[in-house]
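Below: the structure, in structure tokens.
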Amino acid sequence: MSNQKNSVFSTLSSVAIKDKVERKGNIDYLSWAYAWSLLKQHYPTAQRVVYEDPVTGWNYFSDGRTAWVKVGVIVEEQEHIDYLPIMDFRNQAIPVDRVNQFEVNKAIQRSTAKAIAMHGLAQVQYHPCKSMIPLDKIFSKYFAPAYVQQRKNRV
Numbered sequence: 125m126s127n128q129k130n131s132v133f134s135t136l137s138s139v140a141i142k143d144k145v146e147r148k149g150n151i152d153y154l155s156w157a158y159a160w161s162l163l164k165q166h167y168p169t170a171q172r173v174v175y176e177d178p179v180t181g182w183n184y185f186s187d188g189r190t191a192w193v194k195v196g197v198i199v200e201e202q203e204h205i206d207y208l209p210i211m212d213f214r215n216q217a218i219p220v221d222r223v224n225q226f227e228v229n230k231a232i233q234r235s236t237a238k239a240i241a242m243h244g245l246a247q248v249q250y251h252p253c254k255s256m257i258p259l260d261k262i263f264s265k266y267f268a269p270a271y272v273q274q275r276k277n278r279v
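Our numbering puts the first residue of the sequence shown at 125, with every later residue one more than the last.
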């Protein structure tokens, strides 16, 4: 028997999220609150960093036309950073002159969930092929049948 510790990615990518996935319009997602809760259950010392623009001190950045947030999640000394545009309800970037703190906060929370996903949690939710090819076809082509069944039960 091995005492080798699983990697963060291996541990988080094996967490069952099927019952936590929500749907808004035609988009399936794992809420930032569930993502954060699941992360902290496995890694209680995990931290989030919301970066501020060093010039303005604001919790978002701008190029003068649009704006975005920068969020990092640190797990066991490894930080993954996500950048996300500040968007409206149609997922379209908001012009900088119409940015408000409500939309900034939503972008920070979404970016948090994406940064957590970079550590492995809910990877399937954010995989770009998810909407193009059914996952069971991807897995069955490249992995053993037992692994495919295991993935189906988790997702």
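Quick reminder that beta carbons are idealized off the backbone N, C-alpha and C, glycines included. This one's a predicted model, so the numbers in the text were calculated from it and none came from an experiment.
Separation of residue j from residue i, as counted between CA atoms
i	j	result
alanine 170	tyrosine 207	19 Å
lysine 164	isoleucine 240	10 Å
serine 138	aspartate 152	19 Å
proline 178	arginine 234	22 Å
asparagine 215	glutamate 200	32 Å
isoleucine 141	asparagine 150	18 Å
valine 195	tryptophan 160	13 Å
Proximity below 9 Å, CB of residue i to CB of residue j
i	j	result
alanine 237	tryptophan 156	yes
glycine 244	leucine 136	yes
isoleucine 205	tyrosine 175	yes
threonine 180	proline 209	no
valine 228	isoleucine 198	no
valine 132	glutamine 202	yes
tyrosine 158	lysine 144	yes
Own chain, CB closer than 6 Å to residue i, minus 5 neighbours either side, in chain order
i	result
alanine 231	Val193, Leu208 and Ile210
cysteine 253	At cysteine 253, the pLDDT of 48 sits below 50, so the modelled position is not reliable; the number obtained from the coordinates is stated separately. Answer for cysteine 253: no residue qualifies.
Neighbourhood of residue i by C-beta distance below 7 Å, restricted to the same chain and skipping five residues each side
i	result
leucine 162	Val139 and Leu245
Local Cβ density within 10 Å of residue i, reported as buried at 16 or more and exposed below that
i	result
methionine 125	The predicted model places methionine 125 with a pLDDT of 43, which falls under 50 and marks its position as unreliable; any figure quoted below should be read in that light. Exposed, since its Cβ has fewer than 16 Cβ neighbours within 10 Å.
Closer than 9 Å to chain C by CB, residue i
i	result
tryptophan 156	Looking for chain C here will not work: only one protein chain is present.
Same chain only: Cβ atoms within 8 Å of residue i, ignoring 5 sequence neighbours per side
i	result
glycine 188	Val220
Note to self: Can you confirm whether the segment 222-233 touches the segment 179-186 when touching is taken to mean that 3 or more C-beta pairs between the two stretches lie within less than 8 Å?
What the structure shows: A contact is defined here as three or more CB-CB pairs under 8 Å, and the segment 179-186 meets this definition with respect to the segment 222-233.
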